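Novice: Residue 93 in full-length UniProt numbering sits at position 93 of the sequence shown; the count goes up by one each step and never skips. Just so it is clear, CB atoms sit at the ideal spot from N, CA and C, and this is done for glycine as well. All values derive from a computational prediction rather than experimental measurement. Following this message is one structure expressed as structure tokens.
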Amino acid sequence: MDYCYTGDAHEKLFAAYRADEEPFPTQTQMEFPRREHRRPEVDILKRLFFPTCWNAAELVRDELAVLDRLDTLGGLFFAGIRPYSGSDPAETVDAVIDQLPAVRRRLKKDVEAAFKGDPAAKTYMEIIRSYPGFMAILVQRVAHTLYEAEASEYARELTEYAKTETGIDIHPGAEIGDHFFIDHGTGVVIGETTTVGEWVRLYQDVTLGALHFEADESDEHRLKKGYKRHPDIGDHVVIGAGTKVLGAITVGDHVSIGANSWVTDDVPDETKVYVTDHPTQERKRTK
Numbered sequence: 001m002d003y004c005y006t007g008d009a010h011e012k013l014f015a016a017y018r019a020d021e022e023p024f025p026t027q028t029q030m031e032f033p034r035r036e037h038r039r040p041e042v043d044i045l046k047r048l049f050f051p052t053c054w055n056a057a058e059l060v061r062d063e064l065a066v067l068d069r070l071d072t073l074g075g076l077f078f079a080g081i082r083p084y085s086g087s088d089p090a091e092t093v094d095a096v097i098d099q100l101p102a103v104r105r106r107l108k109k110d111v112e113a114a115f116k117g118d119p120a121a122k123t124y125m126e127i128i129r130s131y132p133g134f135m136a137i138l139v140q141r142v143a144h145t146l147y148e149a150e151a152s153e154y155a156r157e158l159t160e161y162a163k164t165e166t167g168i169d170i171h172p173g174a175e176i177g178d179h180f181f182i183d184h185g186t187g188v189v190i191g192e193t194t195t196v197g198e199w200v201r202l203y204q205d206v207t208l209g210a211l212h213f214e215a216d217e218s219d220e221h222r223l224k225k226g227y228k229r230h231p232d233i234g235d236h237v238v239i240g241a242g243t244k245v246l247g248a249i250t251v252g253d254h255v256s257i258g259a260n261s262w263v264t265d266d267v268p269d270e271t272k273v274y275v276t277d278h279p280t281q282e283r284k285r286t287k
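Given below as structure tokens:
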């Protein structure tokens, strides 16, 4: 069976492209070196979300070109979901594609957060094309819609691919708020039952993970599934490099957690957490 999209996402995306304003890229004459991915879904998604950044100016000029690209993406989604579901996933694919205009709006907020949160960021274009944290959240936000549409296995394929490209592991089940930014990014892990609020900034090697696992009482070799294992992070939180926030705990709003912290208890609003007793550094001349 061939997939054919019949919704109106192409109309909404086409209107959104024409509504874009600086500092988002709007010029359609630019031509960048091509960068292809081993997962064609990722290539198509990047062009659909930010066509002027990825040599897809035809999408800005022709609404039917957007529809054609959505049909191709939908066919890939269909083929990816069907082996897991064993049935016709067309309704699931339709529902996910219908969400793409909303996902694009959220991704624009993520670009804004990266620009405001990184002194080294020069332009929105640089962030969209270069930042691994942005690529990771782009894929995860789409994968999350698949996860919520009960296509979790295929969603996991996409986020695992993003991990191989970026070194950032965000489970598709994680709920990530608006204006999310991962700076540098390598080694970041965000578990399935994590929730993250708005305006949250993470640095490299941060883990939002589980502290321990419960056993399945019906099978001594199996871990229990489907329960809350990961933290809830509030709004306006900064978590420094190397920090581990573990367990089903709550980190409040306006919290700053310093580098290399180990957090396993709730953190109230308006709190700074940091390591006070760092190891003493010694230096010895070799000559």
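What is the DSSP secondary structure of ILE181, counted as helix, strand or coil?
Specialist: Within the sequence shown, residue 181 is the residue found at index 181, counting from 1. What sits at residue 181 in the sequence shown is Phe, not Ile. Strand, per DSSP.
Novice: Helix, strand or coil for VAL189, going by three-state DSSP, please let me know.
Specialist: Here residue 189 is taken as the residue at index 189 of the sequence shown, counted from 1. Looking at VAL189 - three-state DSSP - the assignment turns out to be strand.
Novice: To the nearest angstrom, report how far apart SER256 and VAL273 are at their CA atoms.
Specialist: Within the sequence shown, the letter at position 256 stands for residue 256. Within the sequence shown, the letter at position 273 stands for residue 273. Their backbone Cα atoms lie some 6 Å apart in a straight line.
Novice: Could you check what DSSP says for THR250 in three-state terms: helix, strand or coil?
Specialist: Translated into positions along the sequence shown, residue 250 becomes position 250. Strand, per DSSP.
Novice: Assign MET30 to buried or exposed, taking buried as 16 or more other Cβ atoms, counted over all protein chains shown, within 10 Å of its Cβ.
Specialist: In the sequence shown, the residue the question calls residue 30 occupies position 30. Exposed.
Novice: Do the stretch 57-76 and the stretch 138-147 meet, that is, are 3 or more Cβ pairs less than 8 Å apart?
Specialist: Result no; under three Cβ-Cβ pairs closer than 8 Å.
Novice: Determine the contact status of VAL189 and LEU202, defining contact as a CB-CB distance below 8 Å.
Specialist: Position 189 of the sequence shown, counted from the start, is the residue given in the question as residue 189. Position 202 of the sequence shown, counted from the start, is the residue given in the question as residue 202. No; because the gap between Cβ atoms is not below 8 Å, this pair is not in contact.
Novice: In angstroms, rounded to a whole number, what distance separates the CA positions of ARG47 and ARG285?
Specialist: Here residue 47 refers to the residue found at position 47 when the sequence shown is read from its first residue. Here residue 285 refers to the residue found at position 285 when the sequence shown is read from its first residue. Between ARG47 and ARG285, the C-alpha separation is close to 55 Å.
Novice: Over what stretch of residues does the alpha helix (DSSP H) that includes VAL93 continue unbroken?
Specialist: On the sequence shown, residue 93 is found 93 positions in, with the first residue counted as 1. Note, VAL93: alpha helix (DSSP H), 90-98.
Novice: Label TYR154 either buried or exposed according to how many other C-beta atoms from any shown protein chain fall within 10 Å of its C-beta, with 16 as the threshold for buried.
Specialist: The sequence position of residue 154 within the sequence shown is 154, counting from 1. Burial call: buried.
Novice: Within the same chain, show all residues whose beta-carbon is closer than 8 Å to that of MET125, passing over the 5 residues directly before and after it, in chain order.
Specialist: As a position in the sequence shown, residue 125 is number 125, starting the count at 1. Counting only Cβ-Cβ distances below 8 Å, and skipping sequence neighbours, we find PRO25 and CYS53.
Novice: Taking its Cβ as the centre, do 16 or more other Cβ atoms sit within 10 Å of ASP232, making it buried, or is it exposed?
Specialist: Reading the sequence shown from its first residue, position 232 is the one you call residue 232. By the neighbour-count rule (16 or more Cβ atoms within 10 Å), ASP232 is buried.
Novice: If you drop the 5 nearest sequence neighbours on each side, which residues of the same chain put their C-beta closer than 7 Å to that of HIS236?
Specialist: Here residue 236 refers to the residue found at position 236 of the sequence shown. Hits under 7 Å: TRP199, ASP253 and HIS254.
Novice: If you draw a straight line from the C-alpha of LYS12 to the C-alpha of ILE168, how long is it?
Specialist: Residue mapping note: residue 12 aligns to position 12 of the sequence shown, counting from 1. Residue mapping note: residue 168 aligns to position 168 of the sequence shown, counting from 1. Roughly 30 Å separates the two Cα atoms.
Novice: Between THR243 and VAL206, which are expected to be in contact by the criterion C-beta below 8 Å, what is the C-beta distance as a whole number of angstroms?
Specialist: The sequence position of residue 243 within the sequence shown is 243, counting from 1. The sequence position of residue 206 within the sequence shown is 206, counting from 1. The Cβ separation is near 5 Å, so the contact holds.
Novice: In whole angstroms, give me the CA-to-CA distance for ALA112 and HIS179.
Specialist: On the sequence shown, position 112 is the one that residue 112 refers to. On the sequence shown, position 179 is the one that residue 179 refers to. Residue identity check: residue 112 is Glu in the sequence provided, not Ala. Approximately 7 Å between the Cα atoms of the pair.
Novice: Cα-Cα, which of ARG104, ASP269, LYS224 and GLU36 is closest to ALA15?
Specialist: Within the sequence shown, the letter at position 15 stands for residue 15. The option with the nearest alpha carbon to ALA15 is ARG104.
Novice: For GLY229, which option in LEU107, GLY209, ALA241 and THR92 has the closest C-alpha, if you only look at C-alpha atoms?
Specialist: Walking along the sequence shown from the start, residue 229 turns up at place 229. The sequence shown places Arg at residue 229, rather than the Gly named in the question. The shortest C-alpha separation from ARG229 is found at GLY209.
Novice: Go ahead and label ALA120 buried or exposed: buried means 16 or more other beta carbons lie within 10 angstroms of its beta carbon, across all protein chains shown.
Specialist: Translated into the one-based positions of the sequence shown, residue 120 becomes position 120. Its Cβ having fewer than 16 others within 10 Å, ALA120 is exposed.
Novice: With a Cβ-Cβ cutoff of 8 Å, do LEU59 and TYR3 count as a contact?
Specialist: Residue mapping note: residue 59 aligns to position 59 of the sequence shown, counting from 1. Residue mapping note: residue 3 aligns to position 3 of the sequence shown, counting from 1. Cβ distance not < 8 Å, so LEU59 and TYR3 don't count as in contact.
Novice: If we count the other Cβ atoms within 10 Å of its Cβ and call it buried at 16 or more, is THR92 buried or exposed?
Specialist: Numbered from its first residue, the sequence shown carries residue 92 at position 92. That one is buried.
Novice: The alpha helix (DSSP H) spanning GLY133 covers which residue range?
Specialist: By one-based count along the sequence shown, residue 133 stands at place 133. That run of the alpha helix (DSSP H) goes 132-148.
Novice: Using the beta-carbon count (16 or more within 10 Å), is ARG82 buried or exposed?
Specialist: Within the sequence shown, the letter at position 82 stands for residue 82. ARG82 comes out buried.
Novice: Please specify which runs of the beta strand (DSSP E), each continuous and at least 3 residues long, are wholly inside the stretch 193-269, giving them in chain order.
Specialist: Complete beta strand (DSSP E) runs here, min 3: 200-202, 207-209 and 244-246.
Novice: Are there 16 or more other CB atoms within 10 angstroms of the CB of TYR131, so buried, or fewer, so exposed?
Specialist: Here residue 131 corresponds to residue number 131 of the sequence shown, with the count starting at 1. Label assigned to TYR131: buried.
Novice: By DSSP, does ILE44 sit in helix, in strand, or in coil?
Specialist: Numbered from 1 along the sequence shown, position 44 holds the residue referred to as residue 44. Reduced to three states, the DSSP call for ILE44 is helix.
Novice: Taking the straight line between their C-alpha atoms, what separation do you get for PRO89 and PRO101?
Specialist: Taking the first residue of the sequence shown as position 1, residue 89 is located at position 89. Taking the first residue of the sequence shown as position 1, residue 101 is located at position 101. Their backbone Cα atoms lie some 21 Å apart in a straight line.
Novice: Report buried or exposed for GLY226, applying the criterion of at least 16 other Cβ atoms within 10 angstroms of its Cβ.
Specialist: Working through the sequence shown from its first residue, we reach residue 226 at position 226. GLY226 is exposed by the Cβ-count criterion.
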